[in-house]
Structures are given as C-alpha cells and as structure tokens.
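K.L.:
Have a look at this one before I ask anything.
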Amino acid sequence: MLSERGSFMKGMILGGVFCLVLSLLGSFSPITESKTEDHHHHVKAASKDELKQLSESRLQELNNQLQISCVIMVQPKNLVYWAAALDTWTKHCDKAEFYTSESSKALEAIDLNEKDDWARLRKALKHAYENAGDIRWFFVAQPSTFAIIENLKYLVLTKNPEQPFYLGKTVKSGELEYVEFNGGIVLSYEALKRLVNVFQDEDKCPERQSALWKLSEDKQLAVCLKFTGVFAENGEDVHGKGLFSSRSVDSLISESMDQNPNNVVKGCCSDMAITFSSVSPNQMQVMMFGVYRLRPYGHDFHDILTFYPPKGSDND
C-alpha cells in the first residue's frame, strides 16, 4: 500500500514538473522585441517620375557613388554552384568575395576555417566591413542564388547608406521578422557598422548559440540587428511587387501558370526582380543569357541611367 502510494506521489511530482517545463518552453522567447513607431516594413524603388525630378548631375553623382560589395558564402561541397556563381552574376558586383568554411584547391576564396554557419557569417561580415573602402552597400548571398546587381542598384539608388537599411524578402517567425537568406540580404554601411559593433556584446549577439535555442543564421542576424534598432524591410518595386525571391524562376512561372493563366509572366515576377534562389548551375548560365545577352531588336527601354559593370566583366 505504501509503495503504491509512493509511486503515485512520484508520478504526480514528475507530471507536475513536466507540465511546468512545457509551460516555460511555450512562453520563453530568445528574442527581445523592440518597437519603434516610425518603422516601415517596405522599401520601394524610386519611380521614373521621381528620378526625373533629379538633375542630371545629381543622378550621375549617385551613379558614380553607388557600388555593391557581394559577400558570397560557400563551401567545398557546393563547388559546382560556387563555380557557376563565380562565372556568372558575381562579375557584375563592384567587389565580390567568396567566403568558405575550408580551403579548396579548385577555387580561390577567403578561408574562414569555421564550420558553424552563424560564426562563419559573422566573420565574413566583419571582414567585408573592415575592407569596404568607399563601398557603402553590401549584398550577402548563397551560391545557389542568382542576382541582377543592376536592379539592386536601382532599388537603393536614392537611399542613403548612412541610414540603417536591412532589405530583402521578409519572413515572419513568431514575433521575429527577418530577411530570408535564400533570397539574398542587403545591408547599408550603417546597418553593417551597427551589426559589427553589436558582435562585441555576447549577451545580445552571441557568437556560439546554445544547442537548445539554436537559430538559423538569417534569424540570428535579425535578432542581433534588432538590438541596434535595425529592422527587416521588404524590397519592392514601385508597384509594391517583391524584388527578392527565395524560389527559382521556373517554380514561380509554374505557379503563375496555375494562378494567372491569362497573364503568366506579369503574374510571376517583377520586371525589376533582383534575386531568384535554388538556381542550378545550368539555370544560372541560362539566366545570364536571358538577362544580359538576349534582346528583342529595336526595343529601347529609355532608362534614365546606365549601370556599367566593373572592368573585366565579359557578360555584356
């Protein structure tokens, strides 16, 4: 009788402890929410009418100052994607650095000698910041992402990099809004400066996450930036259509064929799209042909500015 009563009491205690743990887990959040009244979640590219209001000299000044540093995170196991990115869109970056988890004999990159994704991204961003020179915009991508850098320049053309911009395709996870890594991440100089500074605070932005609360690197990046007052914002064209995608072109077109059968292309993507993701090496070469080589004879888009690629780019 006593043993049965003891077993019953042990069961009650263990059950209570288990319920308490579940309750704590449900209410705990590793993210400290910080709010600001004037925060907007959308950043739109300037319209043609807005650009026409600027003088020719001011437009040329903006064009001359605008440079993009591309930070591409690679690993030897993704060598084929790495090689494709090196041979295609990254040639249009004003500066392109490949950061790897370990050295590779096949391709050159900055070896960070770091296996952990978040710790490696921290090191890469710190290196990009310390070696930025006059560059004031940074684009962070994976090797399976295809980017049209000229469209990115158009998006940020009239934006001040001394303001804290953190742009891309925004996603919400619980209370946290972050920019999805697959679609590419854009940081202004001020945002990166604040981020590098908060890296020094282990309480707010730890280099090594606990196993229990480990977040993906894009979520952890957003958490650290929030402590500095920088929030994720969705990059959009003048019509409000998203410019960054974490999906491939063919999957977007297939979806549009089902949902917009009478206007497939327009229903799929923005004319000024910046990124597509999950792009195979073969598809990257096809994209390069479609974006930079193929053109309908006689068509002129009458763009106000021309963004020339860096010297040495052979993709135009």
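If you count the sequence shown from 1, you need to add 3 to reach our numbering. We treat Cβ as the ideally placed atom computed from N, Cα and C, and that holds for glycine. As the structure is a computational prediction, the values presented were derived from the model and not from experiment.
1) Please give the ranges of any alpha helix (DSSP H) in the region 105–149, keeping only runs that are unbroken, at least 4 residues long and fully inside the region.
2) Closest by CA to D52, which one among D306, F310, P313 and Y311?
3) Work out the CA separation of Q166 and L69 for me, nearest whole Å.
4) Let's test the definition: count the other Cβ atoms within 10 Å of the Cβ of G243 and tell me whether it reaches 16, buried, or not, exposed.
5) Kindly indicate which residue of V143, Q286, I152 and M275 has the alpha-carbon position closest to the one of D253.
6) Is it buried or exposed, G232, if we count other Cβ atoms within 10 angstroms and call 16 or more buried?
7) In chain order, what residues of the same chain have a beta carbon less than 6 Å from the beta carbon of S259, not counting five sequence neighbours either side?
8) Kindly provide the ranges of any beta strand (DSSP E) runs that are 3 or more residues long and lie completely inside the region 271–315, ordered along the chain.
9) Would you check if the distance between the CB atom of A109 and the CB atom of L82 is smaller than 7 Å?
10) Does any heavy atom of the ligand ADP sit closer than 6 Å to the C-beta of E105?
11) Looking only at its chain, what residues have a beta carbon closer than 7 Å to the beta carbon of D114, apart from the 5 residues adjacent to it on each side?
12) In chain order, which continuous runs of the beta strand (DSSP E) of length 3 or greater are located wholly inside the region 216–265?
13) For M15, which residues in the same chain have their Cβ closer than 8 Å to its Cβ, ignoring the five residues on either side in sequence?
14) How far does the alpha helix (DSSP H) with A86 in it extend, from its first residue to its last?
15) Would you grab the beta carbon distance between R250 and F230 for me? Rounded to a whole angstrom, and I think it's under 8 Å.
16) If you drop the 5 nearest sequence neighbours on each side, which residues of the same chain put their C-beta closer than 6 Å to that of L54?
17) Per DSSP, S268 is paired with what?
18) For the candidate residues K314, T309 and E133, whose alpha-carbon lies nearest to that of L62?
19) As a quick exercise: from E183, E153 and V74, pick the residue whose alpha carbon is nearest that of H130.
20) Taking the straight line between their C-alpha atoms, what separation do you get for P164 and K217?
21) Below 8 Å, how does it come out for the region 139–156 and the region 184–203: are there three or more Cβ pairs, yes or no?
22) In whole angstroms, give me the CA-to-CA distance for P284 and L89.
23) Of the residues M76, K98 and K47, which one's Cα is nearest the Cα of K314?
24) Quick check on F184: does DSSP put it in helix, strand or coil?
25) Does DSSP classify L57 as helix, strand or coil?
26) In this structure, how does DSSP classify C48 when only helix, strand and coil are distinguished?
27) Among F202, P209 and L155, which one has its Cα closest to the Cα of S273?
28) Does V233 have its Cβ less than 7 Å from a Cβ in chain B?
29) Please go through the same chain and pick out, in chain order, the residues whose beta-carbon is closer than 7 Å to the beta-carbon of K172, but skip the five residues on each side of it.
30) Alpha carbon to alpha carbon, how far is D240 from L190?
P.N.:
Checking against the coordinates, here is how it stands:
1) 120–133
2) D306
3) 15 Å
4) exposed
5) Q286
6) exposed
7) V267, G270 and C271
8) none
9) yes
10) Looking at this structure, you won't find the ligand ADP or any other ligand, since it has none at all.
11) T103, E105 and S106
12) 236–239
13) Residue confidence for M15 is low, a pLDDT of 44 falling below 50, so the modelled location carries little weight and cannot support an answer.
14) L82 to D90
15) Not really, about 30 Å apart at Cβ, beyond 8 Å.
16) I307
17) A small correction: the amino acid at residue 268 is Val; Ser does not occupy that position in the sequence shown. None; V268 has no bridge partner.
18) T309
19) V74
20) 31 Å
21) yes
22) 11 Å
23) K98
24) helix
25) coil
26) Correcting the residue identity first, residue 48 is Ala in this sequence and not Cys. Note: A48 maps to coil in three-state DSSP.
27) L155
28) Absent from the structure is chain B; it holds one protein chain and no more.
29) V182, E183, G186, N237, G245, F247, S248 and S249
30) 18 Å
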